[in-house]
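What follows is one structure encoded as structure tokens, with my remarks underneath.
Residue numbers (full-length UniProt numbering): 1 to 66.
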């Protein structure tokens, strides 16, 4: 997997390390990003996306012919 280097404010990284309970800044930021992405996927699974809008519209009852 490709790696990316990002510069962050030291106070921000320390806060992330405290929240994640890790001693390594790289691991702390990675855990927070992975958690953020997982939450987004869970939200999509519960609420759907724009392509699912047809499920929310009320279906018209079939018209009686004749």
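Even for Gly, the Cβ is constructed at its ideal location relative to N, Cα and C.
Please confirm whether residue i and residue j have their CB atoms less than 8 Å apart.
i	j	result
residue 29	residue 13	yes
In chain order, what residues of the same chain lie with their CB nearer than 7 Å to the CB of residue i, ignoring the 5 residues before and after it?
i	result
residue 25	13 and 17
Enumerate in chain order the residues of its own chain whose CB-to-CB distance from residue i is below 6 Å, with the five nearest sequence positions on each side excluded.
i	result
residue 22	28
Suppose the cutoff is 8 Å on Cβ atoms and the five residues either side in sequence are ignored; what does the same chain contact list for residue i look like?
i	result
residue 42	none
residue 32	16, 19 and 20
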